[in-house]
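Under numbering that gives the first Met the number 0, the first residue of the sequence shown carries the number 0, and numbering increases by one thereafter.
Positions of the beta carbon are idealized from the N, C-alpha and C atoms, including for glycine.
Working notes, beginning with the structure itself.
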Amino acid sequence: MALEKYRGKRDFSKTLEPSGSREDIFEGIFVVQKHAATHLHWDFRLSLDGVLKSWAVPKEPPIGKGMRRLAIQVEDHPLDYVDFEGEIPEGLYGAGKVEIWDKGKFGLIKREKGKIEVALHGSILKGEYVLLKFPKAGENSWLFFKK
Ligand code: MN
């Protein structure tokens, strides 16, 4: 159910991306994938509710305090997407190179409507981060920053 939108956009006979058969693992894992699609962006994903909640971040994610990034929430991705790296072929949805930019465990500090606070334990992203819904910039817009 949660992955219908994800699956609807992809032809798994052509892309190497996972179709999402593993739904029982990876709780508490995050990943940031650098995605050289038409527009270079970083996909930030958190394992929550049995899927990867996902945001596309048009600029490099905030490493230090005082850096705010716009993050556009996109469709939920399957949990096994945390390991995905590779080339999505030309002509397909999201065509371009995907590489893991950072990955690690996270702890959920707070989750309420329009706000998610997490402690990230990555190699690059470390510390407490906030995702805050930012409707001024659009329906799916959030702000992503280090606390
Ligand atoms: Mn992407």
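heavy atom of the ligand NAP below 7 Å from His34 C-beta: No copy of the ligand NAP appears in this structure; the ligands present are the ligand MN.
Through-space distance from Thr37 to Val30, alpha-carbon basis: The residue given as residue 30 occupies position 31 in the sequence shown. The residue given as residue 37 occupies position 38 in the sequence shown. Near 21 Å, if we compare the C-alpha coordinates of Thr37 and Val30.
Whether Gly113 touches Lys135 by CB criterion (8 Å): For the purposes of this step, residue 113 is taken as the residue at position 114 of the sequence shown. For the purposes of this step, residue 135 is taken as the residue at position 136 of the sequence shown. Taking 8 Å as the cut-off, the beta carbon of Gly113 is found no closer than this to the beta carbon of Lys135.
C-alpha gap between Lys4 and Asp75, whole angstroms: Walking along the sequence shown from the start, residue 4 turns up at place 5. Walking along the sequence shown from the start, residue 75 turns up at place 76. Each residue's Cα considered, the two are about 8 Å apart.
beta-carbon Gly85 near the ligand MN non-hydrogen atom, thresh 7 Å: As a position in the sequence shown, residue 85 is number 86, starting the count at 1. Flag unset: Cβ of Gly85 not near the ligand MN.
Nearest-angstrom Cα separation, counted from Glu127 out to Ala94: Within the sequence shown, numbered from 1, the residue matching residue 94 stands at position 95. Within the sequence shown, numbered from 1, the residue matching residue 127 stands at position 128. Taking the CA atoms as reference points, Ala94 sits about 32 Å from Glu127.
For Asp79 and Ser198, the rounded distance between their alpha carbons: Within the shown structure, residues of the chain are numbered from 0 to 146, placing residue 198 beyond reach of any answer.
Beta-carbon spacing of Ala35, Val56 below 8 Å: Indexing the sequence shown from 1 puts residue 35 at position 36. Indexing the sequence shown from 1 puts residue 56 at position 57. Taking a C-beta distance under 8 Å as the contact criterion, Ala35 and Val56 do not qualify as a contact pair.
Segments of 3+ residues assigned as beta strand (DSSP E) that fall wholly inside the region 26-57: Complete beta strand (DSSP E) runs here, min 3: 28-35, 39-47 and 50-56.
For Lys148, the first and last residue of its enclosing beta strand (DSSP E): A query on residue 148 cannot be resolved here, the shown segment of the chain reaching from 0 to 146 and no further.
C-alpha distance - Leu147 paired with Ser140, whole-angstrom precision: Any question about residue 147 goes unanswered here, given that the chain covers just 0 to 146.
Secondary structure of Arg6, DSSP reduced to three states: Here residue 6 refers to the residue found at position 7 of the sequence shown. In the three-state scheme derived from DSSP, where H, G and I count as helix and E and B as strand, Arg6 is classed as helix.
Bridge partner(s) assigned by DSSP for Glu84: As a first step, residue 84 must be located in the sequence shown, where it is residue number 85. None, per the DSSP bridge assignment.
DSSP three-state assignment for Leu78, whether helix, strand or coil: Reading the sequence shown from its first residue, position 79 is the one you call residue 78. The answer is helix: DSSP assigns Leu78 an H, G or I state.
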